[in-house]
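Just below is one structure, and these are the notes that go with it.
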Amino acid sequence: MLMQINHIVPIEHIITLSCILFCIGVMGVLLRRNAIIILMCIELMLNAVNILFATFSAYNGNPDGQIFVFFIMVVAAAEVAVGLALLVLIYRNTRSVDVSLLDRLKW
Amino acid sequence: MQYIFYTLAFFAILCALFVVFEKNPVHSVLYLILTFFSIAGIYVLLNAQFLFIVQLIVYSGAIMVLFLFVLMLLNLNKDTEPQKSVIFKTAGAIAAGSFLLVLVAVLKDTQQSTELSAMTDIGLVKQLGKTLFTKFVVPFEVASILFLAAMVGSVLLGKKELY
Numbered sequence: 215m216l217m218q219i220n221h222i223v224p225i226e227h228i229i230t231l232s233c234i235l236f237c238i239g240v241m242g243v244l245l246r247r248n249a250i251i252i253l254m255c256i257e258l259m260l261n262a263v264n265i266l267f268a269t270f271s272a273y274n275g276n277p278d279g280q281i282f283v284f285f286i287m288v289v290a291a292a293e294v295a296v297g298l299a300l301l302v303l304i305y306r307n308t309r310s311v312d313v314s315l316l317d318r319l320k321w
Numbered sequence: 213m214q215y216i217f218y219t220l221a222f223f224a225i226l227c228a229l230f231v232v233f234e235k236n237p238v239h240s241v242l243y244l245i246l247t248f249f250s251i252a253g254i255y256v257l258l259n260a261q262f263l264f265i266v267q268l269i270v271y272s273g274a275i276m277v278l279f280l281f282v283l284m285l286l287n288l289n290k291d292t293e294p295q296k297s298v299i300f301k302t303a304g305a306i307a308a309g310s311f312l313l314v315l316v317a318v319l320k321d322t323q324q325s326t327e328l329s330a331m332t333d334i335g336l337v338k339q340l341g342k343t344l345f346t347k348f349v350v351p352f353e354v355a356s357i358l359f360l361a362a363m364v365g366s367v368l369l370g371k372k373e374l375y
């Protein structure tokens, strides 16, 4: 049996799921002050967009969307590696991962 | 069949909420891994087998292990967790909720293509590989340069004597 989601689940529901996940990511970035959690919430937002790309790709029969998801994953991996290295450096200097301490560029 | 999708969607949203509201950062990471597993399940339902495997290996495997590793390296736990004031938290929740409202309202009225795709093999490795190495071969090579730059950057940043 080949699974066929697009005959059963309306595309609007998957779009709504993606929107909800994206907004949870936005909420995490706004609510938390731990820099690691903020990075994780950015990953969550990237994943929400990935779902959208994969959905449109599957519903329209065009593989380009899934290639885009692949490239988003590539960029996310590179971003996380550099971001966490920066975070370790920040922790070494300030002994904290609180982003509100890093306000020297404000004003 | 559709119940699998709705169960996975519910599970993903629940775990994503736990990521945001969990006080302990290690628990947050573990909940994020569960969210990524549910998203991988949704990829299976979308016939995107390649993305399913890559999601499991790259996201749930590599990236989240990196997060866990850094968390344990920095020795963060519940006691060192910085907190925002209640006003900021309320404002953030309201802002995110309004954003969700706007997004859903906008996307509700869009015209989606109603014809369903007859192609079911576009998510397979063979098909995606053909597309990747013919149409998208230049971005693929650029991605390798990006990885090289990221690797050099993180090694340089991680060195003890930077200055």
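If you're matching them up, the sequences are chains U and R in order. For my numbering, count along the first sequence from 1 and bump the result up by 214. For my numbering, count along the second sequence from 1 and bump the result up by 212. All C-beta atoms, glycine included, are put in the ideal place defined by N, C-alpha and C.
Paired residues, beta bridge with residue i - DSSP
| i | result |
| --- | --- |
| Asn248 (chain U) | U:Asp312 |
Rounded C-alpha distance that separates residue i from residue j
| i | j | result |
| --- | --- | --- |
| Leu258 (chain R) | Gly242 (chain U) | 27 angstroms |
| Phe264 (chain R) | Arg318 (chain U) | 42 angstroms |
| Ser155 (chain U) | Arg247 (chain U) | Since the displayed chain U opens at 215 and closes at 321, residue 155 (chain U) lies outside it and no answer follows. |
| Leu216 (chain U) | Phe281 (chain R) | Confidence at Leu216 (chain U) is low in this model, with a pLDDT of 48, below 50, so the placement of that residue is unreliable and no value is reported for it. |
| Val277 (chain R) | Tyr243 (chain R) | 13 angstroms |
| Val288 (chain U) | Gly297 (chain U) | 14 angstroms |
| Phe223 (chain R) | Lys371 (chain R) | 40 angstroms |
| Thr230 (chain U) | Met363 (chain R) | 36 angstroms |
| Ile238 (chain U) | Ile245 (chain R) | 15 angstroms |
| Gln261 (chain R) | Asn287 (chain R) | 37 angstroms |
| Ala295 (chain U) | Met213 (chain R) | 38 angstroms |
| Ala303 (chain R) | Asp278 (chain U) | 38 angstroms |
| Ser310 (chain R) | Phe270 (chain U) | 25 angstroms |
| Ala299 (chain U) | Ser272 (chain R) | 19 angstroms |
Of the residues the options, the one placed nearest residue i, counting alpha carbons only
| i | options | result |
| --- | --- | --- |
| Phe233 (chain R) | U:Ser232, U:Cys233 and U:Val240 | U:Val240 |
| Phe300 (chain R) | U:Cys237, U:Leu245 and U:His227 | U:Leu245 |
| Leu285 (chain R) | U:Val311, U:Ile281 and U:Pro277 | U:Val311 |
| Ile251 (chain R) | R:Cys227, R:Asn236, R:Val241 and R:His239 | R:Cys227 |
| Phe267 (chain U) | U:Met254, U:Asn307, U:Tyr305 and U:Cys233 | U:Cys233 |
| Val337 (chain R) | U:Leu300, U:Ile281 and U:Thr308 | U:Ile281 |
Whole-Å CB distance - residue i paired with residue j, under 8 angstroms assumed
| i | j | result |
| --- | --- | --- |
| Ile250 (chain U) | Phe279 (chain R) | 7 angstroms |
| Leu303 (chain U) | Leu220 (chain R) | Between Leu220 (chain R) and Leu303 (chain U) the Cβ distance is about 38 angstroms, and since that is not below 8 angstroms, they are no contact. |
| Ile286 (chain U) | Leu260 (chain U) | 6 angstroms |
| Val314 (chain R) | Leu283 (chain R) | That pair is no contact at about 34 angstroms. |
| Ala292 (chain U) | Phe359 (chain R) | 6 angstroms |
| Leu340 (chain R) | Phe352 (chain R) | The pair is not a contact, with the Cβ atoms about 12 angstroms apart (cut-off 8 angstroms). |
Sequence-distant residues of its chain with Cβ nearer than 8 angstroms to residue i (five each side left out)
| i | result |
| --- | --- |
| Ala361 (chain R) | none |
| Leu235 (chain U) | Leu258, Met259, Asn261, Ala262 and Ile265 |
Same chain only: Cβ atoms within 6 angstroms of residue i, ignoring 5 sequence neighbours per side
| i | result |
| --- | --- |
| Gly253 (chain R) | Leu220 |
Contact set for residue i: own chain, Cβ-Cβ below 7 angstroms, skip 5 residues either direction
| i | result |
| --- | --- |
| Tyr305 (chain U) | Val311 |
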